[in-house]
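Heads up, the thing below is written out as structure tokens.
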Amino acid sequence: MLAKRIIPCLDVLNGQTVKGVNFINIREAGDPVELGAVYAQQGADELVYLDITASVEKRGTFAELVKKVARTLNIPFTVGGGIRNAEDVARLLDAGADKISINTAAVNNPELIGILANRFGSQCVVVAIDTKFSEKGDIVYIHGGRTPTKRITRVWAREVAERGAGEILLTSMDHDGTKNGFALDITRELAEGLPIPVIASGGAGTKDHFIDVFKKGKADAALAASVFHFGEIPIPELKQYLKQNDIEVRL
Amino acid sequence: MKIAVIKYNAGNIHSVRLALQRLNVEPVVTDDIETIESADKVIFPGVGEASSAMANIRQSGIASLIPRLTQPVLGICLGLQLMCRDSEENVSECLGIFNTAVRRFPPENKVPHMGWNRIYDLKGGLFKNIEEGEYVYFVHSYYGELDPLTTATTKYIIPFSAAMQRDNFFAVQFHPEKSGRVGEQILRNFLNL
Chain A
1 MLAKRIIPCL DVLNGQTVKG VNFINIREAG DPVELGAVYA QQGADELVYL
51 DITASVEKRG TFAELVKKVA RTLNIPFTVG GGIRNAEDVA RLLDAGADKI
101 SINTAAVNNP ELIGILANRF GSQCVVVAID TKFSEKGDIV YIHGGRTPTK
151 RITRVWAREV AERGAGEILL TSMDHDGTKN GFALDITREL AEGLPIPVIA
201 SGGAGTKDHF IDVFKKGKAD AALAASVFHF GEIPIPELKQ YLKQNDIEVR
251 L
Chain B
1001 MKIAVIKYNA GNIHSVRLAL QRLNVEPVVT DDIETIESAD KVIFPGVGEA
1051 SSAMANIRQS GIASLIPRLT QPVLGICLGL QLMCRDSEEN VSECLGIFNT
1101 AVRRFPPENK VPHMGWNRIY DLKGGLFKNI EEGEYVYFVH SYYGELDPLT
1151 TATTKYIIPF SAAMQRDNFF AVQFHPEKSG RVGEQILRNF LNL
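So the sequence lines, in the order shown, correspond to chains A and B.
Heads up: the first sequence is residues 1 to 251, going by my numbering.
Heads up: the second sequence is residues 1001 to 1193, going by my numbering.
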């Protein structure tokens, strides 16, 4: 049976990992390559590197970093943040990334999804969707969650799948940072309703939240940042706990 | 030891090279027939679409070269599929090293089969020191059917060939270059054949 995946997310600013990391020494914690290697060794199934560098000029730093990560890691990794077109994607895949993640660019130009799927294969095209609940239901946000759109999350998610995305990374903005658990309803709706895998993100605070997102949310994978970075939930312990609760994981 | 990685119009060639470098082996990535012929071992990687890949290696002469090779050859992912008889991905004739059909997964579950899954019924030198039921990383929508030459089996929707072997020809559907320490051991086993 296909294992449920545990995916730590590393935010990268000017080539350095951000968000405090206190389970390994500071030198390694700031280095995205070394931190990624530690996660891989602990049993992470994949990694996501998100470039949050604001200035376009400094984006070259990120491509250099991707090369170093590709040389070091022996598990798959996805990169995202600021990708606008097929040339950006080609550069990152050439640098050694296994998958790329697009968000705002996909909303602004949905045809980009199909272009990327045709040129590079669906398997490397992840579409990230930031969703927030409102009176109108679950709505898609762009620009790192700063700008609401008129798109309904479930409608957009289906369109994304039909246009050729290989995977959806669904982040609930209502849950992100709360540590109160993942957004189970919308995750389940997409994970059960779509023909592609759904990675749930936002809200992980305890090991039981991961059980819930797999059992109730039906997610294919769960992504988290701070609970791993701060050592609140060590990955080996989490995976043991999931296995004890009859969730298929790679140990 | 000279390791040739066959270069053609498919993805993941770069990641196979990096994985070999992590094992302190510097491969030659090449489409040159003589270089491939004279290598001690040959890796035939690939991620992509079968019919365009097949057309590409026919044109370059690699399609007629591969079945003639006598040194150990390792096909990875699309490499395995192209080493089969034919493929539902629009190819009526593949390399025919394995007399097996490549089919698309029925849409009873999510396709592609993407992520970590277990390998069973392991046979042959490629799986030396690998335990039954280990996890490896897969990304594929098509699979090789089970066959007497199957050397590892995985189940996703249905059981399929995770690995095959005929004489000096080895092939794996999963990505050893992305399968953590298990994948590294499998690559090391190939290098030590």
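Glycine included, C-beta positions come from ideal geometry on N, C-alpha and C.
At a cut-off of 3 residues, the continuous stretches assigned as beta strand (DSSP E) that sit fully inside the region 1046-1095 of chain B are 1073-1076. Between the beta-carbon of residue 1095/B and that of residue 1046/B there is about 12 angstroms, and that puts the pair past the 8 angstroms contact cut.
Listed as beta-bridge partners of residue 16/A by DSSP are 13/A.
Chain A places a beta carbon closer than 8 angstroms to that of residue 1178/B, counting this residue as a contact. Taking CB atoms only, residue 212/A has no neighbour in chain B less than 8 angstroms away. The C-beta of residue 1104/B comes no closer than 8 angstroms to any C-beta of chain A. Chain B has no Cβ within less than 8 angstroms of the Cβ of residue 91/A. Assigned with DSSP and collapsed to three states, residue 208/A falls in helix.
In the DSSP annotation of this structure, residue 216/A is not part of any alpha helix (DSSP H), being labelled neither H nor E. For residue 1189/B, not one C-beta of chain A is nearer than 8 angstroms to its own C-beta.
Not flagged as an interface residue toward chain B: residue 32/A, since no C-beta distance is shorter than 8 angstroms. The C-beta of residue 188/A comes no closer than 8 angstroms to any C-beta of chain B. Residue 4/A sits in coil when the DSSP states are folded into three classes, being neither helix nor strand. With a beta-carbon spacing of about 5 angstroms, residue 1043/B and residue 1074/B fall inside the 8 angstroms limit used to define contacts. Straight-line measurement puts the Cα of residue 247/A at about 16 angstroms from the Cα of residue 188/A. In chain order, 1136, 1137 place their CB closer than 6 angstroms to the CB of residue 1179/B, counting only its own chain and leaving out the 5 sequence neighbours on each side. In this structure the region 221-235 of chain A does not touch the region 1005-1014 of chain B; the number of beta carbon pairs closer than 8 angstroms is below three.
The C-beta of residue 1156/B comes closer than 8 angstroms to at least one C-beta of chain A.
Here residue 166/A really is in contact with residue 125/A; their C-beta atoms are around 5 angstroms apart, less than 8 angstroms. Within chain B, not a single residue places a beta-carbon under 9 angstroms from that of residue 174/A; the smallest gap is close to 26 angstroms.
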